[in-house]
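Have a look at the structure below before the remarks.
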Amino acid sequence: MENNDRNEGNELEKELKKQLDLWHKKDKHQNIINTISDIPEAERDYSLVSYLGRAWNNLDNYEEAIACFLSVEDQGASDPLWHYRLGYAYYYGGKPEAAEAAFEQSLKLNPEDQDSQMFLRLSRNAAGKQPEHLLSANLAAEAGFPEEDKLAPFQLVSHNNGSISLILNVGNYKREVFGARAEEGFEGNGYDWASLAAVFLQEQKPELADVIRFDPEADMFAAYTDNKEAMFSFALAFKEACENDALIIDLFSRAELD
């Protein structure tokens, strides 16, 4: 009987986490919070607490996220993802020094994590430890790239491993484009921007489709590659497309909800 009870419990746990993953994909973060909050704290394992902290992050409640992650600090000490999510909460919660330390630890545990590399650079920049521009003027000049203000609100971030990212902290920029398909579930989050960028690549820059990769978060669109020239080409062309209302609306009409 005890084994049967344990097996039943494991199945219920699997179903719960499957549902949590589905809600996360559909940006229903409050559902995640409500469901886990109904479970007594003593019965929440490390995985559930991680789901809860991530949901708080995605709802921009960074103080709750920080408290959530710190409640399982001992268990998260050897988990690079725990350090990344804590750093994410610190960064967007206006604590760049704490974010920097978290991302440094994440990279010690997983040196190849490009997200942590990018956020480490952003955290250092926010803490005043990097030059004003995320991408050095020399690097841009060497590649024949125009001034960075032509990309705003997008930003280029170069990484120590030689890769380069294009990021956008989503907000009001082109909100009306996504609002036109709000009834279908589009919200203008990082995943929606990635869907739009994918259509742009396929139709406008097919030669870069196998070079540019996307790794969005709810609050941020991110594209990356090891090919700087390809990134410069994509970044400038995508920004120009975004400023062409007729073109960007037409491209977005074929974007698929992630």
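Using the UniProt record's numbering, you'd call the opening residue of the sequence shown number 1 and step up by one each time. Where a beta carbon is used, it is the ideal one built from N, C-alpha and C, also for glycine.
Three-way DSSP call (helix, strand, coil) for residue i in this model
i, result
"N4", "Its pLDDT being 47, under 50, N4 is placed unreliably by the model, and the measurement read from it follows with that caveat. Here N4 sits in helix by DSSP."
"S136", "Only weak support is given to the placement of S136: the predicted model assigns it a pLDDT of 44, under 50, and the question is left unresolved by the model."
"F214", "strand"
"A209", "coil"
"A77", "coil"
"F154", "coil"
"P131", "In this prediction, P131 has a pLDDT of 43, which is less than 50 and means its spatial position is unreliable; what the coordinates show is noted afterwards. Correct three-state label for P131: coil."
"L16", "helix"
"A255", "coil"
"P146", "Per-residue confidence for P146 stands at a pLDDT of 47, beneath the threshold of 50, marking its modelled position as unreliable; the derived number appears in the next sentence. Here P146 sits in coil by DSSP."
"D60", "coil"
Test item: CB-CB of residue i and residue j under 9 Å
i, j, result
"S116", "E97", "no"
"A65", "L86", "yes"
"K18", "G185", "no"
"I36", "L22", "no"
"L196", "A255", "yes"
"F238", "I167", "no"
"M118", "S165", "yes"
"G190", "G179", "no"
"F214", "A241", "no"
Nearest to residue i (by Cα), restricted to the options the options
i, options, result
"H29", "Y46, E41, L59", "L59"
"E229", "S163, A194, W193, F154", "S163"
"D219", "D210, D192, P206, L201", "D192"
"L52", "A42, N34, E43", "N34"
"A99", "Q75, L107, K174, Y90", "Y90"
"P80", "N61, E13, A101", "A101"
"F234", "D215, I249, Q204", "Q204"
"E63", "G188, G93, N31", "G93"
"L251", "F154, N125, V177", "V177"
"N125", "Y46, L151, V157", "V157"
"E243", "Y224, Y173, P216", "Y173"
"Y88", "D74, G76, Q75, F103", "F103"
"R44", "H24, N169, L16, N31", "L16"
| task | Scan the region 161-203 and note each continuous beta strand (DSSP E) run of 3 residues or more that stays entirely inside, going in chain order. | result | Listed in chain order, the complete beta strand (DSSP E) runs (minimum 3 residues) inside the region 161-203 are 164-169.
| query | Where in the UniProt repeat "TPR" (80-113) do unbroken runs of the alpha helix (DSSP H), each at least 4 residues long, occur, reported from the N-terminal end onward? | reply | As far as the UniProt repeat "TPR" (80-113) is concerned, its whole alpha helix (DSSP H) runs of at least 4 residues are 80-92, 96-109.
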